[in-house]
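Have a look at the structure below before the remarks.
Residue numbers (this note's numbering): 817 to 1313.
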């Protein structure tokens, strides 16, 4: 599909409203915020913060600015190396839109995790990356020691932008823009958010671009990062976007966003949009970048319809895999509060979705392991409670060929191991890894009667680390539910994330 990005000025549709005032909140909503942000003078300010100070939370932005100036001076190109999920692809979209808008020649690389390891792979950069080019990563690269060394030996410059856990040895890039180096609040950002913050700090005329806010929202919610701090600012700006200002493909995705203008949950968005795009088997992830940029209405309508059809087919297969996985989960791992499942074959891209389903059903962390066609064991991990999946996997770094991610979602590949030997290593490590694996249902308020659901619904969006409010009345726990037409209460022990 051929996009028509060049025909739309980079500033088109940027007439968004100003920062504006926070919406008025009911007393019960203020009480929830006070419980969630104890000891903070302005809980509402924590819930909906002002524009981030990107230069304080993202290190090495000045180095990236210098490297981009060097690219322009030498007449070279930017090789934008992404990741094959929604966060990575939306990050590529942001990088291409800003850098192309600034006159750079940009070449994107989208890896294929069905056959490739995680990280910056020389095999993908061969015949693309040349001397004095800038290799700029998106949502990946912070553990790519070998890939960065290969690029530098080739005479290229390298800047990593990532949000994943940093674990030495780090690659010897010219700069690593990763908020894990500075800490909260920047650490809540998805990979697309890191690149947006860095590039719009350098080129501020793009900061209000509705295309970027739309891509940010899609990537942030899909990647299951905390809906806290700077992410809430970005999502509040997204709420003001007029879909009519967007390329038609991106517009279709925004218009599919459930209850975007009122009250919504991240889980509903992932079900209605992220799962439609999918990952791996017959998914739309490989065509998403061109789809988001396109204004060809007929082609986009046909593509989106096909993605929806393929999503339905994957859902049927996933239901069969889930039934099998529930029956075959490892009883020894259960004792440590972890779901561990080995399945001889899981179609490409479905391991993470399967782990997420198991995680939600059993309300604890889950790891799904399968074997690639080349025999390499790969795993997808998702977390609830105190399981820091990236920390757990990276602490076994010597075992894995590659491993990384963040607290809620991570993955690995392990070459040269049989499943029984790898299983034993994982089980042994679970016994020594300190964690409280099964989350306790949260309670925000204890009241004599339930407040009006519409009083608390404006605290949305709800998602990781900011779940729907829960109220205890007469010993019963009620969780706020955001229905399609109106919010309501439901007796539940779930987190609602």
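A virtual CB, placed ideally from N, CA and C, is assigned to each residue, including glycine.
Extent of the continuous alpha helix (DSSP H) run through residue i
i: residue 1259; result: Note, residue 1259: premise wrong, no alpha helix (DSSP H); not H, not E.
i: residue 1010; result: 1007-1018
i: residue 882; result: 877-890
i: residue 1049; result: 1046-1054
i: residue 908; result: 902-917
i: residue 953; result: First-last for residue 953: 950-953, but that is the beta strand (DSSP E), not the alpha helix (DSSP H).
i: residue 1245; result: 1235-1248
i: residue 1064; result: 1064-1071
i: residue 774; result: Residue coverage of the chain in this structure runs from 817 to 1313, which leaves residue 774 outside it and unanswerable.
i: residue 1108; result: 1104-1109
i: residue 962; result: 961-969
i: residue 1035; result: 1026-1038
i: residue 1169; result: 1167-1178
i: residue 1148; result: 1147-1150
i: residue 939; result: 938-941
Residue j beta carbon less than 8 Å from that of residue i
i: residue 923; j: residue 884; result: no
i: residue 1007; j: residue 1050; result: no
i: residue 1030; j: residue 1004; result: no
i: residue 1310; j: residue 1083; result: no
i: residue 1177; j: residue 1195; result: no
i: residue 1165; j: residue 1097; result: yes
i: residue 1212; j: residue 1241; result: yes
i: residue 1074; j: residue 1092; result: no
i: residue 1072; j: residue 1087; result: no
i: residue 959; j: residue 1127; result: no
i: residue 1198; j: residue 1171; result: yes
i: residue 1109; j: residue 1249; result: no
i: residue 1259; j: residue 1293; result: yes
Opening and closing residue of the beta strand (DSSP E) in which residue i lies
i: residue 1186; result: 1181-1187
i: residue 977; result: 973-977
i: residue 1203; result: Run containing residue 1203: none; DSSP gives neither H nor E here.
i: residue 1286; result: 1286-1289
i: residue 1158; result: 1154-1158
i: residue 897; result: 894-897
i: residue 992; result: 991-993
i: residue 1221; result: 1218-1221
i: residue 922; result: 922-925
Assumed close pair residue i, residue j - CB separation to whole angstroms, cut-off 8 Å
i: residue 1043; j: residue 1257; result: Their Cβ separation, rounded to whole angstroms, is 18 Å, which puts residue 1043 and residue 1257 out of contact at 8 Å.
i: residue 955; j: residue 899; result: 4 Å
i: residue 963; j: residue 986; result: 12 Å between Cβ atoms; not a contact.
i: residue 991; j: residue 879; result: 4 Å
i: residue 865; j: residue 1046; result: 7 Å
i: residue 1066; j: residue 1027; result: 6 Å
i: residue 1025; j: residue 902; result: About 19 Å separates the two Cβ atoms, so there is no contact after all.
i: residue 1035; j: residue 1139; result: About 31 Å separates the two Cβ atoms, so there is no contact after all.
i: residue 967; j: residue 951; result: 5 Å
i: residue 844; j: residue 1295; result: Going by Cβ atoms, the distance from residue 844 to residue 1295 rounds to 15 Å, so no, they are not a contact pair.
i: residue 1216; j: residue 1230; result: 5 Å
DSSP bridge partner residues for residue i (one or two, in chain order)
i: residue 1303; result: 1298
i: residue 1085; result: Paired residues: none, contrary to the question.
i: residue 1278; result: 1081
i: residue 1319; result: In the structure displayed, the chain extends from 817 to 1313; residue 1319 sits before or after that span and is not available.
i: residue 1292; result: 1289
i: residue 1263; result: 1289
Contact test: residue i Cβ vs the ligand ADP heavy atom, cutoff 7 Å
i: residue 989; result: Absent from the structure shown: the ligand ADP. Ligands present: none.
- Message: As an exercise, report each continuous alpha helix (DSSP H) stretch of at least 4 residues that is fully enclosed by the segment 850-879, in chain order.
- Response: 859-863 and 870-873
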